[in-house]
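Colleague: Below: one structure in structure tokens.
Residue numbers (our numbering): 28 to 337.
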């Protein structure tokens with residue numbers, strides 16, 4: 028069955044990949060506040076040039092859609108003031124959900140973040156996990172405005188799903204490793220102890236939290252495509268989206284002890300026995316709900332690049 032899909036934030040770094048994937052399912056429209064001078068994805072059938080804060084335009088954009096993929100956001104803690112991050116990410120998400128419900132949309136796929144867990148880029152505000160790997164049942168205790176905005180967006184999605192007229196699938200991609208940030212990731216890997224990211228909101232930053240998690244953009248986009256038609260046994264679901272490896276030079280449990288002063292309770296001992304560099308986030312929900320597994324290989328590629336530049 029051909030779908031009619033609206034993608035918010037479709038002209039952003041991740042949005043372009045998602046549009047390309049979503050186009051294989053049917054007709055894709057977009058809502059993005061991109062300017063006239065910026066090229067748009069060629070797969071789009073229509074573009075609404077507007078913000079998710081413009082509820083009236085958003086309502087019209089949702090009419091006749093089967094699915095809405097909501098990516099539009101202030102994308103990290105550096106993207107704006109705390110007030111702006113909360114306004115765009117929380118009010119904007121509510122506007123999307125409300126417009127989708129009113130238009131009779133079947134499903135909204137929300138782009139959230141691993142930042143909801145409290146593993147922030149601010150080392151002085153880190154919330155140690157209660158157990159590993161962190162799954163979607165783990166308490167969410169964000170300590171920065173970006174993580175909080177994403178948690179509130181998830182709760183808005185749960186609220187709408189509980190009303191019974193809308194399915195909501197929440198995906199939590201970790202650090203999306205775009206080609207433009209690979210050189211910065213290499214710079215960090217050469218000297219982890221002295222690496223300091225730029226505070227300029229538009230400068231590339233080596234992210235992924237203290238364990239250096241990642242997912243490649245084309246793989247994250249596949250997860251969003253699979254979320255459009257994935258069977259849902261309940262109206263609200265969540266999943267982390269990331270590769271089954273970290274990029275940090277230390278094994279995961281060793282790194283956890285270094286950060287937290289202890290190793291949290293391990294609920295899947297074989298995970299870290301079989302793969303010492305396994306992520307601290309559980310990838311099982313993405314496999315179970317979406318049939319999604321992100322390819323690995325960046326760890327080996329990164330170390331090969333480091334050897335080449337020595």
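The beta carbon of each residue, even a glycine, is placed where N, CA and C say it ideally should be.
#1: Under 8 Å, do residue 161 and residue 309 count as touching if we go by C-beta distance?
#2: What span of residues does the beta strand (DSSP E) with residue 56 cover, start to end?
#3: Would you tell me roughly how many angstroms separate the C-alpha atoms of residue 93 and residue 100, rounded to the nearest one?
#4: Name the DSSP bridge partner or partners of residue 248?
#5: Curious, which full-length alpha helix (DSSP H) runs of at least 4 residues does the stretch 166 to 194 contain?
#6: The beta strand (DSSP E) that contains residue 161, what's its start and end?
#7: Who are the Cβ neighbours of residue 278 in its own chain at under 8 Å, not counting the five residues just before and after it?
#8: Give the DSSP-derived three-state secondary structure of residue 268 in the structure shown.
#9: What distance in whole Å lies between the Cβ atoms of residue 251 and residue 96, which are believed to be in contact at a cut-off of 8 Å?
#10: Closest to residue 140 by C-alpha separation, out of 80, 268, 294, 301, would be which residue?
#11: Between which residues of its own chain and residue 47 is the CB-CB distance below 8 Å, once the five residues before and five after are set aside?
#12: What first and last residue would you give for the alpha helix (DSSP H) that runs through residue 121?
#13: Using the three-state DSSP reduction, which class does residue 135 fall into: helix, strand or coil?
#14: When burial is assigned at 16 or more other CB atoms within 10 Å of the CB, is residue 402 buried or exposed?
#15: Just to confirm, is the Cβ distance from residue 238 to residue 291 under 8 Å?
#16: I believe residue 57 touches residue 75 by the beta-carbon criterion, under 8 Å. Please report the beta-carbon distance rounded to the nearest angstrom.
#17: Starting from residue 217, trace the beta strand (DSSP E) both ways and give me its first and last residue.
#18: Compare the C-alpha of residue 88 against each of 134, 61, 34, 40 and name the closest.
#19: Tell me residue 321's beta-bridge partners as DSSP assigns them.
#20: Output yes if chain D places a C-beta closer than 8 Å to the C-beta of residue 192; else output no.
#21: What is the DSSP secondary structure of residue 113, reduced to helix, strand or coil?
#22: Taking just the CA atoms, how far does residue 142 sit from residue 275?
Modeller: Result, derived from the coordinates:
#1: yes
#2: 53 to 59
#3: 21 Å
#4: Answer is none; residue 248 lacks a bridge partner.
#5: 172 to 189
#6: Taken as a continuous stretch (DSSP letters only), residue 161 belongs to no beta strand (DSSP E), as it is neither H nor E.
#7: 299, 303, 304
#8: strand
#9: 6 Å
#10: Nearest option by C-alpha distance: 268.
#11: 68, 70, 248
#12: 119 to 130
#13: strand
#14: There is no way to answer for residue 402, as the model of the chain reaches only from 28 to 337.
#15: no
#16: 7 Å
#17: Looking at the DSSP string, residue 217 is not in any beta strand (DSSP E); the run it does join, the alpha helix (DSSP H), is 209 to 217.
#18: 34
#19: 270
#20: The question asks about chain D, but that chain is absent: this structure has only one protein chain.
#21: helix
#22: 18 Å
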